[in-house]
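Notes to accompany the following structure.
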Amino acid sequence: MTAIAIWFNNENLENPSLWVASDSRVSKNQNSTLIDDAAKVFALPVVCRFPDEDGFFSQVGYFHTYGYCFAGSTLLGQNTFLALMPLLSNLAAAQPYAPQMADVANFILEYLGRAFDDYKVIACENSAVEVALFGWYHITQKQHIFHYHPGEDDNGVYVIKCTDYTDLNEKSFVYLGDHKNDMTQKIQKAFDGDSEPSRPLSRIPRYIIEEHIQNNEYRTIGGDLQLGITDQFGFRPFSICKPRVPGKPEAYLSYLGYEIHQEIQNVGYATVNLPGMV
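Take a look at the structure:
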(Lines of atoms letter the chains of each structure in order from A; the text may use other names.)
(Lines give C-alpha, C1' and ligand atoms only; values in the text may rest on other atoms or scores of the structure.)
Protein backbone atom coordinates (compact mmCIF):
# COMPACT_ATOMS: atom_id res chain seq x y z
CA MET A 555 0.00 0.00 0.00
CA THR A 556 1.16 3.53 0.56
CA ALA A 557 1.83 6.56 2.74
CA ILE A 558 1.53 9.94 1.00
CA ALA A 559 1.21 13.41 2.49
CA ILE A 560 0.52 16.60 0.53
CA TRP A 561 0.86 19.85 2.44
CA PHE A 562 0.98 23.61 2.06
CA ASN A 563 4.41 25.21 2.36
CA ASN A 564 4.91 28.98 2.54
CA GLU A 565 8.66 29.15 3.14
CA ASN A 566 8.75 31.39 0.06
CA LEU A 567 5.99 33.93 0.73
CA GLU A 568 6.14 35.19 -2.86
CA ASN A 569 5.67 31.70 -4.27
CA PRO A 570 3.73 29.43 -1.87
CA SER A 571 3.77 25.79 -2.88
CA LEU A 572 2.46 22.32 -2.21
CA TRP A 573 4.93 19.64 -1.18
CA VAL A 574 4.39 15.90 -1.43
CA ALA A 575 6.19 13.03 0.28
CA SER A 576 5.56 9.36 -0.42
CA ASP A 577 6.98 5.92 0.20
CA SER A 578 7.70 3.53 -2.70
CA ARG A 579 6.49 0.13 -1.48
CA VAL A 580 3.85 -1.99 -3.19
CA SER A 581 2.48 -4.84 -1.09
CA LYS A 582 0.47 -7.90 -2.00
CA ASN A 583 -0.98 -7.95 1.51
CA GLN A 584 -0.04 -6.97 5.05
CA ASN A 585 2.81 -9.50 5.16
CA SER A 586 4.00 -9.67 1.56
CA THR A 587 6.01 -7.00 -0.27
CA LEU A 588 6.00 -6.99 -4.08
CA ILE A 589 8.43 -4.16 -4.88
CA ASP A 590 10.15 -1.33 -3.02
CA ASP A 591 10.83 1.00 -5.96
CA ALA A 592 7.33 1.91 -7.15
CA ALA A 593 6.75 5.41 -8.48
CA LYS A 594 3.59 6.88 -6.94
CA VAL A 595 4.11 10.61 -7.49
CA PHE A 596 4.08 12.05 -11.01
CA ALA A 597 3.98 15.23 -13.06
CA LEU A 598 0.73 15.37 -15.04
CA PRO A 599 1.09 17.68 -18.07
CA VAL A 600 -1.88 19.57 -19.48
CA VAL A 601 -1.24 20.85 -23.01
CA CYS A 602 -3.75 22.69 -25.17
CA ARG A 603 -2.98 23.55 -28.80
CA PHE A 604 -4.68 25.81 -31.32
CA PRO A 605 -4.46 25.81 -35.14
CA ASP A 606 -1.77 27.53 -37.14
CA GLU A 607 -2.45 29.41 -40.36
CA ASP A 608 -2.70 26.09 -42.22
CA GLY A 609 -5.29 24.71 -39.82
CA PHE A 610 -3.04 22.21 -38.07
CA PHE A 611 -3.14 22.16 -34.25
CA SER A 612 0.58 22.80 -33.89
CA GLN A 613 0.59 25.96 -31.76
CA VAL A 614 0.86 25.48 -28.00
CA GLY A 615 -1.50 27.87 -26.27
CA TYR A 616 -1.17 26.41 -22.78
CA PHE A 617 1.27 24.13 -20.98
CA HIS A 618 1.33 23.38 -17.27
CA THR A 619 2.15 20.44 -15.02
CA TYR A 620 0.22 19.39 -11.92
CA GLY A 621 1.16 16.91 -9.25
CA TYR A 622 -0.59 13.53 -9.38
CA CYS A 623 -0.28 10.71 -6.87
CA PHE A 624 -2.18 7.60 -5.83
CA ALA A 625 -2.56 5.15 -2.97
CA GLY A 626 -4.27 1.78 -2.88
CA SER A 627 -4.64 -0.31 -6.03
CA THR A 628 -1.40 0.13 -7.98
CA LEU A 629 -2.95 -1.34 -11.11
CA LEU A 630 -5.83 1.14 -11.10
CA GLY A 631 -3.77 4.11 -9.89
CA GLN A 632 -0.92 3.75 -12.37
CA ASN A 633 -3.07 2.66 -15.30
CA THR A 634 -5.38 5.64 -14.86
CA PHE A 635 -2.40 8.00 -14.84
CA LEU A 636 -0.92 6.38 -17.96
CA ALA A 637 -4.26 6.78 -19.72
CA LEU A 638 -4.74 10.40 -18.63
CA MET A 639 -1.27 11.45 -19.84
CA PRO A 640 -1.95 11.29 -23.61
CA LEU A 641 -5.49 12.60 -23.19
CA LEU A 642 -4.67 15.72 -21.19
CA SER A 643 -1.49 16.48 -23.13
CA ASN A 644 -3.39 16.55 -26.43
CA LEU A 645 -6.16 19.08 -25.89
CA ALA A 646 -7.23 21.36 -28.73
CA ALA A 647 -9.21 24.59 -28.96
CA ALA A 648 -10.13 26.96 -31.77
CA GLN A 649 -8.02 29.71 -30.22
CA PRO A 650 -5.45 30.05 -27.41
CA TYR A 651 -7.14 28.66 -24.31
CA ALA A 652 -6.04 27.84 -20.76
CA PRO A 653 -8.10 24.97 -19.30
CA GLN A 654 -9.16 25.61 -15.71
CA MET A 655 -7.85 23.27 -13.04
CA ALA A 656 -11.44 22.57 -11.97
CA ASP A 657 -12.20 21.30 -15.48
CA VAL A 658 -9.10 19.10 -15.43
CA ALA A 659 -10.14 17.77 -12.02
CA ASN A 660 -13.65 17.01 -13.26
CA PHE A 661 -12.27 15.18 -16.31
CA ILE A 662 -10.13 13.01 -14.03
CA LEU A 663 -13.16 12.33 -11.83
CA GLU A 664 -15.17 11.12 -14.82
CA TYR A 665 -12.36 8.93 -16.16
CA LEU A 666 -11.30 7.50 -12.80
CA GLY A 667 -14.95 6.88 -11.92
CA ARG A 668 -15.51 4.80 -15.05
CA ALA A 669 -12.28 2.86 -14.54
CA PHE A 670 -13.20 2.19 -10.90
CA ASP A 671 -16.70 1.00 -11.83
CA ASP A 672 -15.24 -1.51 -14.30
CA TYR A 673 -12.42 -2.69 -12.07
CA LYS A 674 -14.42 -3.14 -8.86
CA VAL A 675 -16.50 -5.85 -10.56
CA ILE A 676 -13.29 -7.82 -11.10
CA ALA A 677 -11.17 -6.97 -8.06
CA CYS A 678 -13.90 -6.23 -5.48
CA GLU A 679 -12.28 -4.91 -2.28
CA ASN A 680 -8.86 -4.86 -3.98
CA SER A 681 -10.07 -2.09 -6.29
CA ALA A 682 -9.92 0.56 -3.55
CA VAL A 683 -7.85 3.53 -4.68
CA GLU A 684 -7.16 7.12 -3.68
CA VAL A 685 -5.84 9.72 -6.11
CA ALA A 686 -4.86 13.36 -5.70
CA LEU A 687 -4.44 16.13 -8.25
CA PHE A 688 -2.68 19.13 -6.75
CA GLY A 689 -1.14 22.38 -7.87
CA TRP A 690 -1.60 26.01 -8.81
CA TYR A 691 -5.06 27.10 -9.97
CA HIS A 692 -4.50 30.17 -12.16
CA ILE A 693 -8.13 31.33 -11.84
CA THR A 694 -8.21 31.50 -8.02
CA GLN A 695 -4.47 32.26 -7.75
CA LYS A 696 -4.25 29.61 -5.03
CA GLN A 697 -2.96 26.11 -4.49
CA HIS A 698 -5.65 23.40 -4.66
CA ILE A 699 -5.75 19.72 -3.74
CA PHE A 700 -8.41 17.56 -5.39
CA HIS A 701 -8.69 14.28 -3.47
CA TYR A 702 -10.45 11.35 -5.15
CA HIS A 703 -11.64 8.55 -2.91
CA PRO A 704 -14.26 5.76 -2.79
CA GLY A 705 -17.55 6.56 -1.09
CA GLU A 706 -21.19 5.54 -1.14
CA ASP A 707 -23.68 7.35 -3.34
CA ASP A 708 -27.35 7.88 -2.43
CA ASN A 709 -28.12 4.29 -3.42
CA GLY A 710 -25.40 2.77 -1.26
CA VAL A 711 -23.19 1.99 -4.26
CA TYR A 712 -19.46 2.62 -3.97
CA VAL A 713 -18.30 5.23 -6.45
CA ILE A 714 -15.38 7.63 -6.75
CA LYS A 715 -15.98 10.99 -5.09
CA CYS A 716 -13.88 14.15 -5.09
CA THR A 717 -13.09 16.64 -2.33
CA ASP A 718 -11.54 20.00 -3.26
CA TYR A 719 -9.27 21.49 -0.59
CA THR A 720 -8.87 25.25 -0.93
CA ASP A 721 -7.89 28.16 1.34
CA LEU A 722 -4.89 26.19 2.56
CA ASN A 723 -2.69 27.42 5.40
CA GLU A 724 0.65 26.42 6.90
CA LYS A 725 -0.91 23.47 8.75
CA SER A 726 -3.06 22.18 5.90
CA PHE A 727 -2.37 18.67 4.61
CA VAL A 728 -4.07 15.70 2.96
CA TYR A 729 -3.02 12.13 3.70
CA LEU A 730 -3.52 9.18 1.35
CA GLY A 731 -2.79 5.57 2.21
CA ASP A 732 -2.55 3.06 5.05
CA HIS A 733 -3.00 3.64 8.77
CA LYS A 734 -4.97 6.78 7.93
CA ASN A 735 -6.15 7.71 11.43
CA ASP A 736 -2.77 7.01 13.00
CA MET A 737 -0.78 8.88 10.36
CA THR A 738 -3.17 11.82 10.23
CA GLN A 739 -2.99 12.24 14.00
CA LYS A 740 0.81 12.07 14.01
CA ILE A 741 1.16 14.69 11.28
CA GLN A 742 -1.36 16.98 12.97
CA LYS A 743 0.37 16.59 16.34
CA ALA A 744 3.72 17.37 14.72
CA PHE A 745 2.29 20.52 13.12
CA ASP A 746 1.06 21.61 16.56
CA GLY A 747 4.56 21.25 18.00
CA ASP A 748 7.66 23.40 17.65
CA SER A 749 10.24 23.58 14.89
CA GLU A 750 13.65 22.06 15.48
CA PRO A 751 16.85 23.01 13.62
CA SER A 752 16.78 19.81 11.57
CA ARG A 753 12.97 19.43 11.46
CA PRO A 754 11.24 22.67 10.41
CA LEU A 755 7.45 22.56 10.73
CA SER A 756 7.11 23.66 7.12
CA ARG A 757 8.49 20.25 6.10
CA ILE A 758 7.33 18.08 9.00
CA PRO A 759 5.10 15.64 7.01
CA ARG A 760 8.19 14.60 5.05
CA TYR A 761 9.91 13.51 8.26
CA ILE A 762 6.84 11.64 9.51
CA ILE A 763 6.61 9.70 6.23
CA GLU A 764 10.36 9.01 6.28
CA GLU A 765 10.27 7.71 9.85
CA HIS A 766 7.52 5.25 8.98
CA ILE A 767 9.36 4.05 5.88
CA GLN A 768 12.21 3.10 8.22
CA ASN A 769 9.89 1.55 10.83
CA ASN A 770 9.49 -2.19 10.21
CA GLU A 771 6.30 -2.28 12.27
CA TYR A 772 4.48 -0.61 9.36
CA ARG A 773 4.83 -3.46 6.89
CA THR A 774 2.89 -1.87 4.03
CA ILE A 775 4.92 1.36 4.19
CA GLY A 776 8.51 1.15 3.05
CA GLY A 777 10.97 1.35 0.19
CA ASP A 778 12.37 4.83 -0.25
CA LEU A 779 11.22 8.43 -0.01
CA GLN A 780 9.76 10.31 -2.98
CA LEU A 781 9.54 14.10 -2.89
CA GLY A 782 8.01 16.71 -5.15
CA ILE A 783 6.98 20.37 -5.15
CA THR A 784 4.31 22.11 -7.19
CA ASP A 785 3.91 25.87 -7.48
CA GLN A 786 2.74 28.43 -10.03
CA PHE A 787 5.46 27.20 -12.41
CA GLY A 788 4.37 23.55 -12.31
CA PHE A 789 5.44 20.30 -10.66
CA ARG A 790 9.05 19.31 -9.97
CA PRO A 791 10.17 15.89 -8.70
CA PHE A 792 13.23 15.72 -6.45
CA SER A 793 15.95 13.19 -5.86
CA ILE A 794 17.24 12.52 -2.34
CA CYS A 795 20.76 13.51 -1.32
CA LYS A 796 22.14 10.74 0.91
CA PRO A 797 25.48 10.34 2.69
CA ARG A 798 27.56 7.37 1.56
CA VAL A 799 28.64 6.92 5.15
CA PRO A 800 26.52 8.52 7.90
CA GLY A 801 28.42 11.40 9.45
CA LYS A 802 30.82 11.75 6.51
CA PRO A 803 30.59 14.54 3.88
CA GLU A 804 30.58 12.36 0.74
CA ALA A 805 27.04 12.01 -0.64
CA TYR A 806 25.11 10.84 -3.69
CA LEU A 807 21.73 11.44 -5.33
CA SER A 808 19.11 8.71 -5.09
CA TYR A 809 15.77 8.25 -6.85
CA LEU A 810 13.44 5.43 -5.78
CA GLY A 811 16.39 3.88 -3.98
CA TYR A 812 18.71 3.88 -6.99
CA GLU A 813 21.84 5.98 -7.16
CA ILE A 814 21.76 8.37 -10.11
CA HIS A 815 25.13 7.69 -11.72
CA GLN A 816 26.74 6.36 -14.87
CA GLU A 817 24.21 4.06 -16.60
CA ILE A 818 21.19 5.88 -15.19
CA GLN A 819 22.58 9.40 -15.34
CA ASN A 820 23.62 10.07 -18.93
CA VAL A 821 21.30 10.39 -21.92
CA GLY A 822 23.67 10.92 -24.81
CA TYR A 823 25.45 14.19 -24.05
CA ALA A 824 22.77 15.20 -21.55
CA THR A 825 22.51 14.20 -17.90
CA VAL A 826 19.63 13.57 -15.55
CA ASN A 827 19.24 16.87 -13.72
CA LEU A 828 16.77 16.16 -10.92
CA PRO A 829 17.42 18.63 -8.09
CA GLY A 830 18.35 16.92 -4.86
CA MET A 831 17.01 17.50 -1.37
CA VAL A 832 18.76 16.54 1.84
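No gaps in the numbering here: position 159 of the sequence shown is 713 in this note's numbering, and each next residue is one more.
Where a beta carbon is used, it is the ideal one built from N, C-alpha and C, also for glycine.
Since we're looking at a predicted model, the values are computed, not measured.
One alpha carbon belongs to A646, the other to C602, and they sit about 5 Å apart.
According to DSSP, residue pairing for R603 in a beta bridge involves V614 and A646. Among the bridge pairs identified by DSSP, D718 is matched with F700. Annotated three-state conformation of N723 is coil, per DSSP. Taking C-alpha positions only, Q780 is separated from T628 by approximately 16 Å.
Classified as buried, R760 has 16 or more neighbouring CB atoms from the shown chains inside 10 Å of its CB. Relative to M831, the option among E664, A575 and T556 whose CA is nearest is A575.
Exclusion of the five residues before and after V614 leaves R603 as the residues of its chain whose Cβ lies within less than 6 Å of its Cβ. With a contact defined as Cβ atoms closer than 8 Å, L730 and E684 qualify at about 4 Å. For I693, the secondary structure class from DSSP, reduced to helix, strand or coil, is coil.
Less than 8 Å separates the beta-carbon of H701 from that of T717. Taking P803 as the centre and dropping the five residues before and after it, the same chain places the C-beta of P797 closer than 8 Å to its C-beta, in chain order. In the DSSP annotation of this structure, D746 is not part of any beta strand (DSSP E), being labelled neither H nor E.
T556 is the residue among T556, D657 and P570 whose C-alpha sits nearest the C-alpha of K582. Spanning the alpha carbons of D746 and L755 requires a straight line of approximately 9 Å. A check of alpha carbon separations from A637 across A648, D606 and A669 identifies A669 as the nearest. Ranking S752, R790 and P751 by CA distance to the CA of S571 puts R790 first. The beta-bridge partner set that DSSP reports for I794 consists of S808 and M831. The alpha-carbon separation between V713 and D732 amounts to approximately 20 Å. Of the candidates M737, F596, T587 and A682, the residue whose Cα lies closest to the Cα of W573 is F596.
For the options G667, D671 and Q654, the alpha carbon positioned closest to that of Y620 is the one of Q654.
Measuring C-alpha to C-alpha distances from Y772 to each of N585, N564, F661 and R753 identifies N585 as the nearest.
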